[in-house]
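Below is one structure, written out as structure tokens; the observations come after it.
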Amino acid sequence: MKLSWKSLIYIAIILAGIAFFFQLLFAPGEATEISLDEAITMSQGNRIKELVIDEDVLLITTVDGTELRAIIGYLNYIDLQELKLNLTGVDYKVKPSGFEWGGLLISFLPLIFIGGLLFFLFRRAQGANRQAMSFGR
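In UniProt numbering, the protein residues as written are 1 to 137.
See the structure below:
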């Protein structure tokens, strides 16, 4: 069974649709956003159960189970302690930052595009040579 280009495109569209559907269906709920000052006030009042520093976001789980988030920018753990963030009795984690795939993709996208263009140009040129030499038949 030979697959044509059209059938491959249809398969890719169907797979993208299924992935989009599952992304919408199983998307996690958004946490309520609060300011950094409110987060510090909550920590001083011992109302924080768990704290996760995820790049530029502070993910907070309160004692009653509410999930909150605060934007901290480029502050790190030491900067937060200097701002009087009280972490006594709080489970806290610092997630390592991930790899920036978007920057890598943008860097290689022109090379992929030029390579694809050359591939299709040379593919078309293969058939042109046979056609040009058959004019006398």
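Ideal Cβ positions, reconstructed from N, Cα and C, are used throughout, including at glycine.
Bounding residues of the beta strand (DSSP E) (the contiguous stretch that carries residue 77): The residue labelled residue 77 in the question sits at position 77 within the sequence shown. Here residue 77 belongs to no beta strand (DSSP E); instead the alpha helix (DSSP H) covers 77-82.
Residue 22 CB to nearest heavy atom of the ligand ATP below 8 Å: No copy of the ligand ATP occurs in the structure displayed, which carries no ligand at all.
For residue 94 and residue 114, the rounded distance between their alpha carbons: What you label residue 114 is simply residue 114 of the sequence shown in a count that begins at 1. What you label residue 94 is simply residue 94 of the sequence shown in a count that begins at 1. Rounded to the nearest angstrom, the two C-alpha atoms are 41 Å apart.
Complete alpha helix (DSSP H) runs within the region 20-104 (minimum length 4 residues, chain order): 36-44, 77-82
Straight-line gap, residue 56 to residue 76 (C-alpha atoms, nearest Å): As a working note, residue 56 is residue 56 in the sequence shown. As a working note, residue 76 is residue 76 in the sequence shown. For residue 56 and residue 76, the distance between alpha carbons rounds to 9 Å.
For residue 58 and residue 34, the rounded distance between their alpha carbons: Along the sequence shown, read from residue 1 onward, the residue named residue 34 stands at position 34. Along the sequence shown, read from residue 1 onward, the residue named residue 58 stands at position 58. Going from the Cα of residue 34 to the Cα of residue 58 covers about 10 Å.
Residue 83 versus residue 40 - alpha carbon distance: Against the sequence shown, residue 83 aligns to sequence position 83. Against the sequence shown, residue 40 aligns to sequence position 40. Straight-line Cα distance between these residues: approximately 8 Å.
As assigned by DSSP and simplified to three states, the class of residue 4: Counting from 1 along the sequence shown, the entry for residue 4 is found at position 4. Residue state, collapsed to three classes: coil.
Member of 53, 102, 64 whose CA lies at the smallest distance from the CA of residue 96: For this step, residue 96 is matched to residue 96 along the sequence shown. If we check each option's Cα against that of residue 96, 53 comes out closest.
Neighbourhood of residue 90 by C-beta, 6 Å cutoff - its chain only, sequence neighbours within 5 removed: On the sequence shown, position 90 is the one that residue 90 refers to. Correct list, in chain order: 48, 51.
C-beta atoms of residue 36 and residue 70 nearer than 9 Å: Within the sequence shown, residue 36 is the residue found at index 36, counting from 1. Within the sequence shown, residue 70 is the residue found at index 70, counting from 1. Contact: yes.
Whole-angstrom distance between residue 5 and residue 98, CA atom to CA atom: One-based indexing of the sequence shown puts residue 98 at position 98. One-based indexing of the sequence shown puts residue 5 at position 5. If I take the Cα positions, the gap works out to 35 Å.
Reference residue 81; option with closest CA among 106, 104, 66, 44: To locate residue 81, count along the sequence shown from 1; it is residue 81. Among 106, 104, 66, 44, the Cα nearest to that of residue 81 is on 44.
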